[in-house]
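Protein chains in written order, with the numbering used here: chain A, 81 to 411; chain B, 33 to 275; chain C, 484 to 779. C-beta: ideal position from N, C-alpha, C; glycine also. Here's the structure we're looking at; comments come further down.
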Amino acid sequence: MTPFTVTRSNRSSPLALAMAVLLVLSAAAIPYWAPEDNRSAWMREFVEIACYLVFALMWNLLAGYGGMVSIGQQAYFGFGGYIMLMLGNFAGVNPFVAVPLAAVCAGLVSVPVSFIAFRLQGGYFAVGTWVIAEVFRLSFANLAFVGGGSGTSLTAFTGISKAVREQTTFWMALGGMVVAVALVYIFLRSKRGLALMAIRDNEVAAESQGIAVQRTKLAVYVVAGFGAGLAGALYYLSNLRITPDAAFSVNWTAFAIFMVVIGGIGRIEGPIVGALIFWVLNKFFSDYGSWYLMGLGLLAIFITVYFKQGLWGYAQQRWGWSLFPTQRRLH
Amino acid sequence: MSALLQTHGLTAFYGDAQALFGIDFSINQGELVAIIGANGAGKSTFMKAVTGLVRTRAQQIEWNGQPIGGMPPADIVKLGIALVPEGRRLFPSLSVEENLLMGECAGRTGRWNLNRVYELFPILNEKRWQPSTSLSGGQQQMVAIGRALMSNPLLLLCDELSLGLAPIVIKEIYSALPRICAEGMTAIIVEQDVSKAREVSSRLYCFQEGTVPLHGASSALTAEQISQAYFGMPDKPAGAGAV
Amino acid sequence: MDALLLTVVQGILLGGLYCLFALGLSLMYGVMRLTNTAQGDFILLGSFTAIAAIAGLKWAVPDSVYLPLLLSPLLLLVAFGFGFVLQRQVLNKVLGKDPLPSLVVTFGLSIVIQNLLLEIFSADPRSIDSLGLNTASVTLPGGMALGVLPLFILSLALSATYGLQWLFNHSALGRSFRAVSDDLEIAQLMGLNAKRVYAYATGIAFMLITVAGVLQAMRTTVSPSDGPMLLLFAFESVIIGGMGSFWGTLIGALLLGITQQIGFRFDPGWGIWFGHIVFLLLLVVRPQGLFPKTVG
């Protein structure tokens, strides 16, 4: 019997890794080489897109790999933002330290939430998570000490200069983005990741092979909650002003869905490609307000109907492109 | 006399896995042909291919000389081919009578209607309003047969009628076959029970791992030939009897 | 005690409208396992279409007050056609074992409709003139006053539920709905054209959606961003009642209405929140709902 070998990398992946490292290093230096008058704006925009990307990556992990389509991840986004703000404003915690703490809190709160959410499956799970997000929103909107429905501001930065605040926020966002990508990539290459894909393909078969389905799904849900909380905490670190309607808005998930679907669900490169496309579209068309959003919606519908795999997925299928290979090939 | 149904080198796949490796089959109007073989031999796949549940190439299946391979199931039943599926597969939300009425969706007219089905299987008349899932296995099999008959087919395909049924129930079911076929109905039955298959059919095909190593007149084939073909003995005898 | 009774009754009346929100959702999920996340937005589309149509009629034929009423069957026909075409041309293409494509498409439709309505009608709340129905009331022997419009809505909800259940249980179309829902493969084997059956289901769902939209606009004001809230109410009604039963959806809607009204009595800000919380609690305690049918 001829021995089989399993390979994961392909020719382009070491090259892609080198390119990625280069990109990250040059991005990290933006505070130094960006033009003086635009520096602030560049950094803020970068932080914003980093938050979108992290949120989208986590949504992709949950839906594309975990098979759990959620329209309620904004619950953890807003929760992360509010906890970061509360730790900074009321517990005297350094806001930069508060960000990872808030992310951990978001991960923790996702555990009891999962007891409720996991009662539902498929499409009803999706809407159920939306209900839960609404409960989060209404709860925070009724808390007077964080400004109720009108929201409040992050005041914990008094004493820190604007330049230091902006730069540190920027680096944290860049770091968060790298960590998120690395985390997802390593997870998916691990045994847990393989288990996850088995569950996604056929839950019953996976269970019969001894995979702890419920525990793996919970693990993914918690990681996704943590990631969403991280994105939210970072976003409001930069934005400084939080309101419940914005923090818990379903638009976060809508944009994540858009990015992932356009780029390609279930592939790591997908959200990255989608985020880039989204950023470009945003830059040129967001002035068109409602028409722009309508266009996004129609584009997402069109891609889902005719290009189920998204644009990157199409490229992967057609030409075998892969930057972050997680598929194992049998030889 | 040209055959009612013919297959030429029929191949079928489940995804990448090949299940049928070139089946040649034919049946004439009014015949009752049996297909036997072990589990996984491809018998049900063959039935699914003929009824459009599994895709095949157009020329590989001919009905009255016309290629029908790959046509959607809804169109094939309208041509007059009806399947009694393996495992019955009644509609759980529907009552007995409603299940039977589903056969009318094919829109074909003919001798079979509700009354005749109730004449054939009187017990169903008693239970007509009960949910189909409340019936015993044998009674469910009767409903499945009745449902197929309601589409007034020219060719009836029966996939493993005796699956999971007690011998006395099997006898009862099979006693209905002559009455069904009396008016010229053509039928193919898939059977695990070889002796039963030989008993009711005029010709028989033995499937083995997606091929047909043996076929011929049921009376002419010996038990030894059949068991060799069934289990895939290396020494495969040639088919005996005319096709 | 009197106040509690009044609250419960008001809740029941509110639930009548929620039932009409929910029936279309229940129907589409029941027949084709499709979760229509744009349900609320389609309801609003119905509201605004009616508002625009009435405004147009008023401009064309200013003296006729009852013309809109006479033409309402036409609106229902248009709604049926819209749903039928939507299912055939768009939704049929994304049905399957994977729930994601249909979710993305309906979610995309939700965003498109919301923004389209926003562009055409602006964010101002509007309503339909119900010719005094929304303020008229009848007084029961015990002294309780009930609104005529809410009573009318409740009776419509009861009729619609009864009608839908009857359709499912006693008509050939209902039989085909149940068959494709039970076993799509075998239903096709019988000769059913699944794509057409689905389209009929969605067509009927949209008739219900339009009725709900018109009534909502009569009862209160509507604005383009209301969609998600209506979807969640519809969804909660379906889940509380239990999937697979239209009467269950009605009961679920009534219970949701009552729960919200009780919440409103404590504090206007917590009314909807209370409804959500009770829904989630019920999900933990009895996830299959109160009146589940065996899943086919």
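For GLY696 of chain C, the three-state secondary structure derived from DSSP is helix. Your pair LEU115 of chain B and ALA180 of chain B checks out as a contact, with CB atoms roughly 6 angstroms apart and the cut at 8 angstroms.
Between THR218 of chain B and GLN61 of chain B, the C-beta gap is smaller than 7 angstroms, which places the two residues in contact.
When beta bridges are read from the DSSP output, GLN38 of chain B appears opposite B:SER58, B:GLU94. Collapsing the DSSP output to three states places SER127 of chain B in a strand.
In summary, no residue of the segment 603-634 of chain C has a CB separated from any CB of chain B by less than 7 angstroms. DSSP, reduced to helix, strand and coil, places GLN154 of chain A within a helical segment of the structure shown. DSSP, reduced to helix, strand and coil, places ALA662 of chain C within a helical segment of the structure shown. The Cβ of GLU130 of chain B sits closer than 7 angstroms to at least one Cβ of chain C.
Taking a contact as a CB-CB distance under 8 angstroms, the pair ALA535 of chain C and ILE692 of chain C does not count as one, their CB atoms being some 16 angstroms apart. By the rule that beta-carbons nearer than 7 angstroms mark a contact, GLY674 of chain C touches chain B. By the rule that beta-carbons nearer than 7 angstroms mark a contact, ILE741 of chain C does not touch chain A.
Rounded to whole angstroms, the gap between the alpha carbons of GLU125 of chain A and PHE170 of chain A is 28 angstroms. THR490 of chain C sits away from GLN743 of chain C, with the two beta carbons spaced by 7 angstroms or more. GLN570 of chain C is outside the set of residues whose beta carbon lies under 7 angstroms from a beta carbon in chain B. Among the CB atoms of chain C, none fall inside 7 angstroms of the CB of SER230 of chain A.
For ASN222 of chain A, the residues of chain C that pass the 8 angstroms Cβ criterion are GLY752, TRP753, TRP756, in the order they occur in the chain. Among the CB atoms of chain B, none fall inside 7 angstroms of the CB of ALA682 of chain C. Closest in alpha carbon position to HIS759 of chain C, among A:SER270, A:GLY354, A:PHE382, A:GLU214, is A:GLU214.
Straight-line measurement puts the Cα of ILE155 of chain B at about 8 angstroms from the Cα of GLN171 of chain B.
The segment 643-660 of chain C makes no contact with the segment 517-536 of chain C; the number of CB pairs closer than 8 angstroms stays below 3. With contacts defined by Cβ atoms closer than 7 angstroms, GLN597 of chain C and GLY710 of chain C form a contacting pair. Residue contact with chain C for VAL211 of chain A: present (Cβ-Cβ distance below 7 angstroms to some residue of chain C). A Cβ of chain A is located within less than 7 angstroms of the beta carbon of HIS759 of chain C.
With fewer than 16 other CB atoms across the displayed protein chains lying within 10 angstroms of its CB, ASP117 of chain A is exposed. Think of a sphere of 9 angstroms around the beta carbon of MET134 of chain B: the chain C residues whose beta carbon falls inside it are ARG658, SER659, ALA662, ILE669, ALA670, MET673, GLY674, LEU675, in chain order.
Counting the other Cβ atoms within 10 Å of the Cβ of ASN140 of chain A gives 16 or more, which makes it buried. Contact with chain C is found for ILE337 of chain A, since one of that chain's Cβ atoms lies less than 7 angstroms from the residue's Cβ. Our two residues, LEU42 of chain B and ALA100 of chain A, have alpha carbons roughly 51 angstroms apart in a direct line. Burial check for LEU209 of chain B: the Cβ neighbour count within 10 Å reaches 16 or more, so the residue is buried.
At least 7 angstroms separates the beta-carbon of PHE306 of chain A from that of ALA121 of chain A. Three or more beta-carbon pairs separated by less than 8 angstroms link the segment 188-201 of chain A to the segment 295-309 of chain A, which places the two stretches in contact.
Under the three-pair Cβ rule at 8 angstroms, the segment 747-761 of chain C does not count as touching the segment 538-554 of chain C. The closest CA to that of VAL293 of chain A, considering only A:PHE135, A:PHE198, A:THR248, A:THR323, is found on A:PHE198. In the structure shown, the three-state DSSP call for GLN240 of chain B is strand. Under the three-state reduction of DSSP, ILE342 of chain A is assigned to helix.
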